[in-house]
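Engineer:
Number of protein chains: 4
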Amino acid sequence: MLKKLTEEKLNEVLETGIREFAERGLQQTSMNAVATQAGISVGVLYKYYENKDTFFLACVRRCTEELEQFLHQLCAEEHKPLQYAEALIGAVQQFSRQHRDYIRLYHEVTHTGNPVHAAALAQQIEGVSSKLYTDIIQRAQQSGDVRSDLDPGLFAFFFDNLLMMMQFSYCCPYYQERFRLYAGGDILDNTDFVTAQLLKFMESAFTLEQADIPHRSPKGEIV
Amino acid sequence: MLKKLTEEKLNEVLETGIREFAERGLQQTSMNAVATQAGISVGVLYKYYENKDTFFLACVRRCTEELEQFLHQLCAEEHKPLQYAEALIGAVQQFSRQHRDYIRLYHEVTHTGNPVHAAALAQQIEGVSSKLYTDIIQRAQQSGDVRSDLDPGLFAFFFDNLLMMMQFSYCCPYYQERFRLYAGGDILDNTDFVTAQLLKFMESAFTLEQADIPHRSPKGEIV
Amino acid sequence: MLKKLTEEKLNEVLETGIREFAERGLQQTSMNAVATQAGISVGVLYKYYENKDTFFLACVRRCTEELEQFLHQLCAEEHKPLQYAEALIGAVQQFSRQHRDYIRLYHEVTHTGNPVHAAALAQQIEGVSSKLYTDIIQRAQQSGDVRSDLDPGLFAFFFDNLLMMMQFSYCCPYYQERFRLYAGGDILDNTDFVTAQLLKFMESAFTLEQADIPHRSPKGEIV
Amino acid sequence: MLKKLTEEKLNEVLETGIREFAERGLQQTSMNAVATQAGISVGVLYKYYENKDTFFLACVRRCTEELEQFLHQLCAEEHKPLQYAEALIGAVQQFSRQHRDYIRLYHEVTHTGNPVHAAALAQQIEGVSSKLYTDIIQRAQQSGDVRSDLDPGLFAFFFDNLLMMMQFSYCCPYYQERFRLYAGGDILDNTDFVTAQLLKFMESAFTLEQADIPHRSPKGEIV
DNA sequence: AATGAATGAGAATTCATTCAT
DNA sequence: TATGAATGAATTCTCATTCAT
């Protein structure tokens, strides 16, 4: 009966954890259930992870690693901001389809009530992408591709907010329903349409009077 | 000892529930604790609410009623879209400050795992605002204040996404930390700055080359 | 099924706890087992006692109360020291026979590893008797019934040590065996003999040369 | 990795066991922890000792061996009873200081609930000393150094009770507190005072009237 | 109608012991 | 022979819900 846990098995344990936590949430997930489903005993689970929280965090880290890798690959290539945005939106949609549970787990993390834990988690999860986005935007502002009267951090924040909501809207039951409510019952399948629309929204949510947008052209010719 | 539960008392019960659910979440909140804090017995709590879920939903409804009222007041006045947006952003910030627990409770709702419940909740909570926003946008498109090549539902969706994230970012621990990470430690107090920036972001996230925006005019005159 | 716990029932719970703790010790006693044996649910047990330790302490207190009462009755009457001693020895033997579990529980208390808890328990359990004994001895010294070159506290301590060991020797398996080993297999039943012998031991364990005992007579006549 | 367990290693294992059992007690001590601390694997621990109880007994035996040796050295020399007593009290105090864990382990043994085990243990631990003491006393009675109207076994028993309590009072948390309660906060350091007082207590705990002690002289001259 | 004590299933965690390597 | 990972029964404690008073 005693079979050493292969790396493969440990992977399975993590995937089981991710699945269960994504499905039921932190509280409702039972360590015994995870162990049983992963085909191991509770004992080993606790051998590898001090307690439920630790195990949860391990599952989260696994997800964020994957996500970061995904992100890095994407941001490695040089792009114009809008191309970045398009690529990111597409990537987020793809990731959401392939790793629904990762997104759900991420959503579960946002429920962390304890501010100290929340700070650590936010740092761990958002640290990389927040810097990445902010940098890209700063560069784009220097090259004149993004209006410079916007704080790069806040710009990145709003931008990520839209991506985040997109992820949740593809993966989490409540957000899915909300998505359908706003955009119709089959919206979840029209990914290209959504991408196109979101891009347009970002370009210019509101039509502005000429007078309102002297800043629009950093070079000044148009206005 | 036998006192009929006055409306006032029922109010107190709901407020207690909202506070507890907002603070601890659905699972971690104890019905006994709610009853004790509200100064009633568990028995009556179960007399009025079939079970914990039912009670939770009642608390949620109480919050959404408040929220809707708030929204309706705001949308009653006729405005240009950007003015609407500005008013809404301000309102959201104010509401977040005044009713942190309502927002937290709303956030708690988004964790509903059961799709059926999720659908009912989304309908209940988002039904009004989604219609409201979509209508406003449609009207704005007809009057030419909003580019008409955007789907009004999706536009409303993206718009509400930004507002929603703003609420959470002001009220929920994890999102607060994330907010600070993106925009600096004191961002939570600079509400005016955030409002101004978000408005700009909505106006036009990205500067566009002329060539990039032939679609801007659906009628083609401008370009 | 829901029957209110009468005072009688609560008594039974305590007695069950005392029995189980006495039988198995603190660690080995299961709260579920106590509840089952007392005919209640674990829930109530935890309603009345915060946790296992608290329940254990309640059981201990119950025992010490009984013991103190027993002691007070005895010490109320004025006696000569040796009469006190005789009365106490007899009382201890009687108490041991009637309340074996109380003594065993007392013995269990002596295993408290945590010095802080130990201090509190010792204070609670020994506080009264230590003062009582010391006072009696001091008075006896003033009246010349006890040699005055002995520290009253230490005298009381040695005296209580002998009583304590007697209790354990009548009640706790290991000490019982040890008792038999020293004094024969049937010693546990010869209580009168033991009393007489212990009294003699206290009177004068060792025969002394005349020269060694000038202090024996506080009045000086004999020597 | 495969190294034969040297005698030295086995010693270390036993010492670790003694330390842990003394510190935490039988139940609370973990075999895994002992193995880890001793620098071996649980596997070997179970190779050498069938189970936890067996290992515990081995640790106990190790302690009693040491204790017996100590005792034998002391009793080898011929003495008058009071000199023996004084020597023993001093020895016990010294042993308590040097081998606190041995005494604690001994105390742990007294908790054995199972009468069969208790009998075996008592026999093993007390067998030698009970005989030794009883013999010495019998001889002393024959030589007139101890009053002959005392049962030698019981005398030895009472005497050992006092020594035993002294050991515990120097080594075990609860008994230490009790000691301080009776004799003041710094009593644990005043070993000489304690020795002197205990000797006096043994000499003659209570002052007796002439009439009360006709038996004092076994030869009958005095009375 | 109101009370709140009682119920008991369920969840996290521990650790003596086994046995494949 | 030594290792130490794996097992899983057992234990403490919680809390939604019931129902006698």
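Residue numbers (the working numbering), protein chains in the order written: chain A, 74 to 296; chain B, 74 to 296; chain C, 74 to 296; chain D, 74 to 296.
Note that beta-carbon positions come from the ideal geometry of N, C-alpha and C, so glycine has one too.
Helix, strand or coil for E123/A per DSSP?
Structural biologist: For the purposes of this step, residue 123/A is taken as the residue at position 50 of the first sequence. Residue state, collapsed to three classes: coil.
Engineer: Determine the burial state of H172/B: buried for a count of at least 16 other Cβ atoms within 10 Å of its Cβ, exposed for fewer.
Structural biologist: Your numbering for residue 172/B matches position 99 in the second sequence. Classification of H172/B: buried, given that the 10 Å Cβ count is 16 or more.
Engineer: Quick check on T207/D: does DSSP put it in helix, strand or coil?
Structural biologist: What you label residue 207/D is simply residue 134 of the fourth sequence in a count that begins at 1. In this structure, T207/D counts as helix in the three-state DSSP scheme.
Engineer: For V201/B and E150/B, which I take to be in contact (beta-carbon distance under 8 Å), what is that distance rounded to the nearest angstrom?
Structural biologist: Numbered from its first residue, the second sequence carries residue 201/B at position 128. Numbered from its first residue, the second sequence carries residue 150/B at position 77. 17 Å between Cβ atoms; not a contact.
Engineer: Exposed or buried, H180/C, counting other C-beta atoms within 10 Å across all chains shown (16 or more means buried)?
Structural biologist: Here residue 180/C refers to the residue found at position 107 when the third sequence is read from its first residue. It counts as buried.
Engineer: Comparing alpha-carbon positions, which option in Q249/D, P246/D, D126/D lies nearest T185/D?
Structural biologist: As a first step, residue 185/D is located in the fourth sequence; it is residue number 112 there, counting from the start. That would be D126/D, whose Cα lies nearest to the Cα of T185/D.
Engineer: Alpha carbon to alpha carbon, what distance is there between G217/B and Q110/A?
Structural biologist: Looking up residue 110/A in the first sequence gives position 37. Looking up residue 217/B in the second sequence gives position 144. Looking at the two C-alpha atoms, the distance is approximately 57 Å.
Engineer: Just the Cα atoms here: how many angstroms apart are R135/B and L87/B?
Structural biologist: Reading the second sequence from its first residue, position 62 is the one you call residue 135/B. Reading the second sequence from its first residue, position 14 is the one you call residue 87/B. C-alpha separation (whole angstroms): 8 Å.
Engineer: Verify whether the separation of the beta carbon atoms of E96/A and R177/A is less than 9 Å.
Structural biologist: As a working note, residue 96/A is residue 23 in the first sequence. As a working note, residue 177/A is residue 104 in the first sequence. Yes; because the gap between Cβ atoms is below 9 Å, this pair is in contact.
Engineer: Tell me, to the nearest whole angstrom, how far the beta carbon of M238/D is from that of N234/C; I am working on the premise that it is less than 8 Å.
Structural biologist: Indexing the fourth sequence from 1 puts residue 238/D at position 165. Indexing the third sequence from 1 puts residue 234/C at position 161. Indeed they touch by this definition, with Cβ atoms about 4 Å apart.
Engineer: Pull up the distance between the alpha-carbon of Q166/C and that of Q197/C, whole angstroms please.
Structural biologist: On the third sequence, residue 166/C is found 93 positions in, with the first residue counted as 1. On the third sequence, residue 197/C is found 124 positions in, with the first residue counted as 1. If you take the alpha carbons of Q166/C and Q197/C, they lie about 22 Å apart.
Engineer: Tell me whether D222/C sits in a helix, a strand or coil according to DSSP, three-state version.
Structural biologist: Start at 1 with the first residue of the third sequence, and residue 222/C comes out as number 149. Looking at D222/C - three-state DSSP - the assignment turns out to be coil, as it is neither helix nor strand.
Engineer: Which of helix, strand or coil does DSSP assign to S216/C?
Structural biologist: For the purposes of this step, residue 216/C is taken as residue 143 along the third sequence, with counting starting at 1. S216/C: coil per DSSP, three-state reduction.
Engineer: Note down, in chain order, each residue of its chain lying with its Cβ closer than 7 Å to the Cβ of G163/A, except the 5 sequence neighbours on either side.
Structural biologist: For this step, residue 163/A is matched to residue 90 along the first sequence. Contacts found: T268.
Engineer: Please identify the residue among L118/C, L272/C, S169/C whose C-alpha is closest to the C-alpha of E139/C.
Structural biologist: Sequence index remark: in the third sequence, residue 139/C carries index 66 (1-based). Comparing Cα positions, the closest option is S169/C.
Engineer: By the criterion of Cβ-Cβ separation under 7 Å, what are the contact partners of F231/C in chain D?
Structural biologist: Sequence index remark: in the third sequence, residue 231/C carries index 158 (1-based). Correct list: L235, L271, F274.
Engineer: Less than 9 Å separating the beta-carbons of E159/C and L272/C?
Structural biologist: Along the third sequence, one-based indexing puts residue 159/C at 86. Along the third sequence, one-based indexing puts residue 272/C at 199. Yes, they are a contact pair.
Engineer: Verify whether the separation of the beta carbon atoms of Y206/D and L194/C is less than 9 Å.
Structural biologist: Sequence index remark: in the fourth sequence, residue 206/D carries index 133 (1-based). Sequence index remark: in the third sequence, residue 194/C carries index 121 (1-based). Not in contact: Y206/D and L194/C (Cβ atoms no closer than 9 Å).
Engineer: Is the separation between the beta-carbon of Y255/A and that of L227/B shorter than 9 Å?
Structural biologist: Residue numbering aside, residue 255/A sits at position 182 when the first sequence is read from its first letter. Residue numbering aside, residue 227/B sits at position 154 when the second sequence is read from its first letter. It is a contact, given that the beta carbons lie within the stated cut-off.
Engineer: At a CB-CB cut-off below 8 Å, which residues of chain C make contact with D174/D?
Structural biologist: Locating residue 174/D in the fourth sequence gives position 101, where the first residue counts as 1. In chain order: nothing, as chain C lies at least about 13 Å away.
Engineer: Please state if the CB of E93/A and the CB of V107/A are separated by a distance shorter than 9 Å.
Structural biologist: The residue labelled residue 107/A in the question sits at position 34 within the first sequence. The residue labelled residue 93/A in the question sits at position 20 within the first sequence. Contact flag set, yes.
Engineer: Mapping the DSSP letters down to three states, classify L118/A as helix, strand or coil.
Structural biologist: For the purposes of this step, residue 118/A is identified with residue 45 of the first sequence, where counting begins at 1. Residue state, collapsed to three classes: helix.
Engineer: Can you tell which of N84/B, K82/B, F129/B has the C-alpha that lies nearest to the C-alpha of S103/B?
Structural biologist: For this step, residue 103/B is matched to residue 30 along the second sequence. Closest option to S103/B, Cα to Cα, is F129/B.
Engineer: Distance, Cα to Cα, S277/C vs L155/C?
Structural biologist: Working through the third sequence from its first residue, we reach residue 277/C at position 204. Working through the third sequence from its first residue, we reach residue 155/C at position 82. In a straight line, the C-alpha of S277/C is about 12 Å away from that of L155/C.
Engineer: Quick one: grab the DSSP three-state call for G163/C.
Structural biologist: Here residue 163/C refers to the residue found at position 90 when the third sequence is read from its first residue. In the structure shown, G163/C sits in a helix (DSSP, three-state: H, G or I).
Engineer: Pull up the distance between the alpha-carbon of L118/A and that of T137/B, whole angstroms please.
Structural biologist: The residue labelled residue 118/A in the question sits at position 45 within the first sequence. The residue labelled residue 137/B in the question sits at position 64 within the second sequence. In a straight line, the C-alpha of L118/A is about 42 Å away from that of T137/B.
Engineer: Using a Cβ-Cβ distance under 9 Å, would A191/A count as near chain B?
Structural biologist: Indexing the first sequence from 1 puts residue 191/A at position 118. Yes, A191/A counts as interfacial toward chain B.
Engineer: Any beta carbon from chain A within less than 9 Å of M239/B's own beta carbon?
Structural biologist: Position 166 of the second sequence, counting from 1, holds the residue named residue 239/B. It does: the Cβ of M239/B has a partner Cβ on chain A nearer than 9 Å.
Engineer: Assuming C148/B contacts I209/B (C-beta within less than 8 Å), just tell me the rounded distance between them.
Structural biologist: By 1-based counting over the second sequence, the position of residue 148/B is 75. By 1-based counting over the second sequence, the position of residue 209/B is 136. That belief holds up - the Cβ atoms of C148/B and I209/B are roughly 7 Å apart, short of 8 Å.
Engineer: Looking at the C-beta of S242/A, does it have a partner C-beta in chain B at a distance below 9 Å?
Structural biologist: Taking the first residue of the first sequence as position 1, residue 242/A is located at position 169. Chain B, which has a Cβ nearer than 9 Å to the Cβ of S242/A, makes this yes.
Engineer: Give me the chain D residues within the contact set of Y248/C, using Cβ-Cβ distance strictly less than 9 Å, ordered along the chain.
Structural biologist: Position 175 of the third sequence holds residue 248/C. Result: T183, A191, A195.
Engineer: If you count every other CB in all the chains shown that lies within 10 Å of the CB of Q240/C, and 16 or more means buried, which is it?
Structural biologist: Numbered from its first residue, the third sequence carries residue 240/C at position 167. When all chains shown are included, Q240/C counts as buried.
Engineer: Can you name, in chain order, every residue of its own chain whose Cβ lies under 6 Å from the Cβ of R56/D, other than the five neighbours on each side?
Structural biologist: The requested residue 56/D is not part of the displayed model; chain D covers only 74 to 296.
Engineer: Any beta-carbon of chain B closer than 9 Å to the one on I91/A?
Structural biologist: Within the first sequence, residue 91/A is the residue found at index 18, counting from 1. By this cut-off, I91/A is not an interface position.
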